[in-house]
Amino acid sequence: MEINIFDIRDLPFYDGDVEAQGDPAPVVGLKSAMREADAVLFATPEYNWGTSGVLKNAIDWASRDREEGSLMGKPATVIGAGGRAGTARAQMQLLETLGETGSVVMVKPGVHIQAFAPGTFDSEGNLIDEATKEALRGHLDEFKKWGARLLWPRHFTGFACEMDIALAHA
Ligand SMILES: Cc1cc2nc3c(=O)[nH]c(=O)nc-3n(C[C@H](O)[C@H](O)[C@H](O)COP(=O)(O)O)c2cc1C
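For the sequence shown, the tail end lands on 395 under this note's numbering, and the numbers increase by one without skipping.
So, in C-alpha cells, the structure goes:
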C-alpha cells in the first residue's frame, strides 16, 4: 500500500463566492489527489471534542466535487492521536460528516492513540510504542483488504464462495 500525504495547510477557508470564481489551486490539488486515490485515510487530532476546523474545511471543499466523485462512494477510514480519549469524539464527528459526503467508511478495527501517554511518541513525533504500531498496522491491513474488496469485487470470487459455503452449512 502506498500512502501519499496531502498537506491541507494551504487551503483557503471554504467560501462559495470564491468557489464561484473557480477553485483556487490548492483546492484543485486536493480534489485531484482525492480523485486519483483508491481510498482516503483521514488522520485527526481532537480539538475541544471535535475534529480540527482545518480538516473539516478540507472535507467541505472536497465534498463539492460530487459530479467528478472525489469523495462520493470513495472508500475511507479515520484514525487519530489526541488526549485520553484518543480522538474518539473527533472521530465520531468525522463519521457524521463523511456520511453526508457519500464516502464509504470502514470503522473497525479503529485506531485511537493516546498521544501524551509516556513512551507512545518520541521527542520528534515518531510513533515508538510497539502495541500502538501493531494496532495501526492491523487497521491499515484491514483497510487495504476491505478497500480492495469494495473496489475490485470480481477479484474476490473466492471470498464470496467461502461465504456461500459457510452459509450453506449454517
Ligand atoms: C485547541 C486544542 C484543543 C484540544 N482539545 C482536545 C480535546 O478536546 N480532547 C483531546 O483528547 N485532546 C485535545 N487537544 C490535544 C490534541 O488532540 C493534541 O494536541 C493532538 O494530539 C496533537 O495534534 P496536533 O499536533 O495536530 O495539534 C487539544 C489541543 C488543542 C490545540
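Backbone N, C-alpha and C define an ideal beta-carbon position, used for all residues, glycine too.
Are there any heavy atoms of ligand 1 lying less than 7 Å away from the beta-carbon of residue i, as far as the coordinates show?
| i | result |
| --- | --- |
| Gly298 | no |
| Trp206 | Given that the chain is displayed from residue 226 to residue 395, the structure contains no residue 206 and the question cannot be resolved. |
| Trp377 | no |
| Trp212 | Residue 212 cannot be examined here, being either before or after the span of the chain that is shown, 226 to 395. |
| Ala340 | yes |
| Gly307 | yes |
| Ala360 | no |
| Ala310 | yes |
Could you tell me which of the options sits nearest to residue i, measuring between CA atoms?
| i | options | result |
| --- | --- | --- |
| Val336 | Glu325, Gly254, Ala315 and Asp232 | Ala315 |
| Trp377 | Ala264, Gly324, Lys333 and Asp248 | Ala264 |
| Gly305 | Gly324, Leu280, Glu367 and Phe238 | Leu280 |
| Trp274 | Met317, Lys333 and Pro343 | Met317 |
| Arg234 | Ser277, Asp240 and Leu266 | Ser277 |
| Ala287 | Gly350, Phe267 and Ala313 | Phe267 |
| Gly247 | Arg289, Glu271, Met226 and Tyr272 | Arg289 |
| Ala342 | Val252, Gly311, Arg374 and Ile284 | Gly311 |
| Tyr272 | Arg291, Asp285 and Ala313 | Ala313 |
Assign residue i to one of three DSSP states: helix, strand, or coil.
| i | result |
| --- | --- |
| Thr302 | strand |
| Gln246 | coil |
| Met331 | strand |
| Ile228 | coil |
| Thr345 | coil |
| Gly275 | strand |
| Ala268 | strand |
| Gly307 | strand |
| Ile284 | helix |
| Leu236 | coil |
| Leu296 | coil |
Compute every distance between the C-beta of residue i and the non-hydrogen atoms of ligand 2, then say whether any falls below 7 Å.
| i | result |
| --- | --- |
| Glu271 | Absence of ligand 2 is noted for the structure shown, with ligand 1 being the only ligands found. |
Can we say the stretch 298-311 touches the stretch 322-334, given the rule of at least three CB pairs closer than 8 Å? yes
Taking one C-beta from the stretch 287-297 and one from the stretch 249-264 each time, how about it: are there three or more such pairs within less than 8 Å? Taking 8 Å as the limit for Cβ pairs, the verdict is that the stretch 249-264 does touch the stretch 287-297.
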